[in-house]
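A.B. asks:
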Amino acid sequence: MREGSIALAVLVLGVMMAGIDTTIIVLAMPVMMQALGVDLASITWVLLTYVIVVTVLSTQLGRLGDIKGRARMFDVGMLVFALGSALAGASSDAGLLLAFRGVQAVGGALMLSNSTALISDYFSHERRGFAFGWTTFGWNIGAVTGIMLGGFLTTFLSWRWDFYITAPLGVVGFGLGVRYLKGSQEIVSRGFDLLGSAVLGVSLTLISLGALNYPVEGLGGSTLPLLGSGLLIFAAFLLLERRRKDPVLDLSLLRIRLFGASTSAAFLQFVANYAVLFLLTMYLQGVRSLDPFTASLYLVPGYVVGSGVGALGGRLADMKDPRVIATAGLVLQMLSYLLYFFTLSVGVSLGVVIVGTVLTSTGGALFFSSNGKLVMEDVPKDKYGMASGTFRTVNNMGMIMSFAVAVVAAASAIPKELAFQIFAGTTSLSASLLDPFVVSLRYAFIASASIMAGAVVLSWTRRGREGGA
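Okay, here's the thing in structure tokens:
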């Protein structure tokens with residue numbers, strides 16, 4: 289019991305670092321843009337580089353955990369993440385920042401691709417909900433910390449401290465992991481799919497470039513060629529993966545009914561939900577003219593509540609049917625999007641944002657703690673690392689698609705050159721554009737609610753090998 293508790297604490301620390309990194313950078317983007325002398329599209333790659341690298345490498349590094357040991361790879365990930373954080377903070381130009389952000393992402397991929405499998409190694413089926421509840425707690429605490437520290441450090445010290453702050457955490461986590469985190473799986477022999485990784489990376493980069501180009505050129509210019517070529521290359525990637533011995537995405541895992549349904553539900557959840565933070569940021573800064581730090585304060589209550597619900601949700605998943613808990617979480621998130629769709633306006637009380645973020649974070653905490661318990665349940669133990677990496681890869685693909693939704697929504701009812709500026713908090717809308725922009729945001733929220741409805745159906749109808757959840 290004590291060994292499992294210490295191992296869980298190390299895993300929670302790693303997830304908390306990822307949570308910090310998810311939110312802390314957003315608030316620093318306007319300052320980073322000015323300090324490094326780049327435009328808004330360029331600085332957005334600070335976010336996208338991390339997501340794309342983690343997406344491309346998660347399955348490969350999960351497989352490396354199967355070969356070399358998951359605990360060892362998680363420990364290395366902590367150290368690489370710390371190194372990338374320190375180097376990114378010290379970057380003298382945008383090129384170096386993106387390169388070291390990529391290093392940071394390699395560390396993040398090592399941690400995230402092996403964390404789910406490690407929980408499955410350490411905890412029995414009856415206690416996995418408890419463990420995933422605590423990792424959900426860690427992520428929410430990290431997100432709250434990132435929001436608060438991002439505004440404080442950027443305002444009173446420097447944007448560089450947004451990166452420096454996670455470096456010592458990574459070093460401490462590495463030391464604790466080496467001492468207390470031990471692998472328990474049988475080491476297996478697997479190959480790598482470098483060609484598949486390269487093709488997936490090219491595809492996701494082209495799709496991201498197309499989405500980022502939309503606010504500049506609309507569907508004209510190079511937008512459609514970028515999006516079209518990215519989607520065609522992704523289709524070619526799927527065909528390639530069917531013929532690879534050790535693919536980036538092991539599509540055979542999706543034929544395991546519970547894994548396939550749980551992964552698909554999580555994918556739709558990420559598509560629907562990841563954009564919400566950006567949509568709310570655009571509303572608070574572009575419509576309500578709040579500075580980034582003040583805007584972030586309206587988001588904190590939701591993450592605080594979600595932190596507490598995460599641990600509780602994990603215990604409920606162990607005591608009750610986790611399928612019911614996970615589905616209830618998705619329903620709460622869908623209700624929050626409907627709340628925004630029906631109530632959001634130029635002058636509505638900002639209490640609506642607080643209520644909405646509480647619903648979103650509570651729902652997310654319930655879903656992730658329960659879905660994490662279910663996703664590995666029917667997976668063979670020698671494929672834990674591969675399954676964990678596949679799960680992360682699919683989720684991150686959802687994040688990239690969700691980001692594209694946010695950018696397109698922002699540019700649909702206002703002059704396209706303003707969309708990125710509102711997103712980054714460098715400008716506010718004129719009075720004549722406020723109502724059209726709010727309408728575009730409301731339609732984005734109803735789109736998110738519709739996508740989440742699909743996730744609800746998948747979550748509720750999933751069944752395992754025995755026909756139950």
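757 is the number that my numbering gives the last residue of the sequence shown; the numbers go up by one with no jumps.
The C-beta atom is built at its ideal place from N, Cα and C for all residues, glycine as well.
Given the structure is predicted, the values throughout are model-derived calculations rather than measurements.
Answer yes or no: do A393 and V326 have a C-beta to C-beta separation smaller than 8 Å?
C.D. replies: Taking 8 Å as the Cβ cut-off, A393 and V326 do not qualify as a contacting pair.
A.B. asks: State the DSSP-derived secondary structure class of F254, mapped to helix, strand or coil.
C.D. replies: As shown, the chain starts at 289 and ends at 757. That puts residue 254 outside it, with no answer to give.
A.B. asks: Between the stretch 651-670 and the stretch 608-623, do three or more beta carbon pairs fall short of 8 Å?
C.D. replies: Result yes; three or more Cβ-Cβ pairs closer than 8 Å.
A.B. asks: Going by DSSP in three states, W447 sits in which element: helix, strand or coil?
C.D. replies: It is coil, neither helix nor strand.
A.B. asks: Please report the Cβ distance between R389 and A397, rounded to the nearest whole angstrom; I am assuming they are in contact, meaning their Cβ atoms lie under 8 Å.
C.D. replies: Not a contact, Cβ separation roughly 13 Å.
A.B. asks: Is the stretch 425-433 close to the stretch 329-337, with three or more CB pairs under 8 Å?
C.D. replies: Too few Cβ pairs lie closer than 8 Å, so no.
A.B. asks: Count the other CB atoms, across all protein chains shown, that sit within 10 Å of the CB of V646; report buried if there are 16 or more and exposed otherwise.
C.D. replies: When all chains shown are included, V646 counts as buried.
A.B. asks: Please name the residue, chosen from L492, S496, I313, A455, that lies closest to A431 on a Cα-to-Cα basis.
C.D. replies: Cα-wise, what sits closest to A431 is I313.
A.B. asks: Between T332 and the ligand HEM, is there a pair consisting of the residue's CB and a ligand heavy atom that are separated by less than 7 Å?
C.D. replies: In the structure on display, the ligand HEM does not appear, and there are no ligands present to speak of.
A.B. asks: Taking its Cβ as the centre, do 16 or more other Cβ atoms sit within 10 Å of T749, making it buried, or is it exposed?
C.D. replies: By the 10 Å Cβ count, T749 comes out exposed.
A.B. asks: Taking the beta carbon of V634 as the centre, do at least 16 other beta carbons fall within 10 Å, making it buried, or is it exposed?
C.D. replies: Per the 10 Å Cβ criterion, exposed.
A.B. asks: Need the endpoints of the alpha helix (DSSP H) that K280 sits in, please.
C.D. replies: No answer is possible for residue 280: it lies beyond the span of the chain, which begins at 289 and ends at 757.
A.B. asks: Work out the CA separation of V667 and G755 for me, nearest whole Å.
C.D. replies: Because the pLDDT at G755 is just 45, under 50, the model does not fix this residue reliably, and the point stays unresolved.
A.B. asks: According to the Cβ coordinates, are G463 and M305 closer than 8 Å?
C.D. replies: No. Outside cutoff.
A.B. asks: Return the Cβ separation of G434 and T310 in integer angstroms, given the expectation that the two are a contact with Cβ distance under 8 Å.
C.D. replies: With 8 Å as the limit, G434 and T310 qualify as a contact, their Cβ atoms being about 6 Å apart.
A.B. asks: If you drop the 5 nearest sequence neighbours on each side, which residues of the same chain put their C-beta closer than 7 Å to that of V298?
C.D. replies: Cβ within range, chain order: G461, L464, G465, Y468, L469.
A.B. asks: Which residues in the same chain have their Cβ closer than 7 Å to the Cβ of T442, if we skip the five residues on either side of it in sequence?
C.D. replies: Result list for T442: L315, A316, V319, D450, in chain order.
A.B. asks: When burial is assigned at 16 or more other CB atoms within 10 Å of the CB, is V557 buried or exposed?
C.D. replies: The question names Val, yet the displayed sequence has Gln at residue 557. Buried is the call here.
A.B. asks: What do you reckon, are the CB atoms on L567 and F420 nearer than 8 Å?
C.D. replies: Taking 8 Å as the Cβ cut-off, L567 and F420 do not qualify as a contacting pair.
A.B. asks: Could you pull the start and end residues of the alpha helix (DSSP H) that Q573 belongs to?
C.D. replies: Looking at the DSSP string, Q573 is not in any alpha helix (DSSP H), and its letter there is neither H nor E.
A.B. asks: Can you grab the Cα-Cα spacing for the pair A405 / S637, in whole Å?
C.D. replies: If I take the Cα positions, the gap works out to 43 Å.
A.B. asks: Put D666 into one of helix, strand or coil per three-state DSSP.
C.D. replies: In the structure shown, D666 sits in coil (DSSP, three-state: anything other than H, G, I, E or B).
A.B. asks: Label Q322 either buried or exposed according to how many other C-beta atoms from any shown protein chain fall within 10 Å of its C-beta, with 16 as the threshold for buried.
C.D. replies: With fewer than 16 other Cβ atoms within 10 Å, it is exposed.
A.B. asks: Would you check if the distance between the CB atom of A374 and the CB atom of A455 is smaller than 8 Å?
C.D. replies: Yes, they are a contact pair.
A.B. asks: What's the call for L680, buried or exposed, on a 16-neighbour Cβ count within 10 Å?
C.D. replies: Note on identity: in this sequence residue 680 is Arg, with Leu being the wrong assignment. By the 10 Å Cβ count, R680 comes out buried.
A.B. asks: Where does A378 sit, in a helix, a strand or coil, going by DSSP?
C.D. replies: Coil at A378, not helix or strand.
A.B. asks: Ignoring anything shorter than 3 residues, give me the beta strand (DSSP E) runs that lie fully in the stretch 294-330, in order along the chain.
C.D. replies: With a minimum length of 3 residues, no continuous beta strand (DSSP E) run stays inside the stretch 294-330.
A.B. asks: Classify L482: buried if its beta carbon has 16 or more other beta carbons within 10 angstroms, exposed otherwise.
C.D. replies: L482 comes out exposed.
A.B. asks: Classify G372 as helix, strand or coil using the three-state DSSP reduction.
C.D. replies: Here G372 sits in helix by DSSP.
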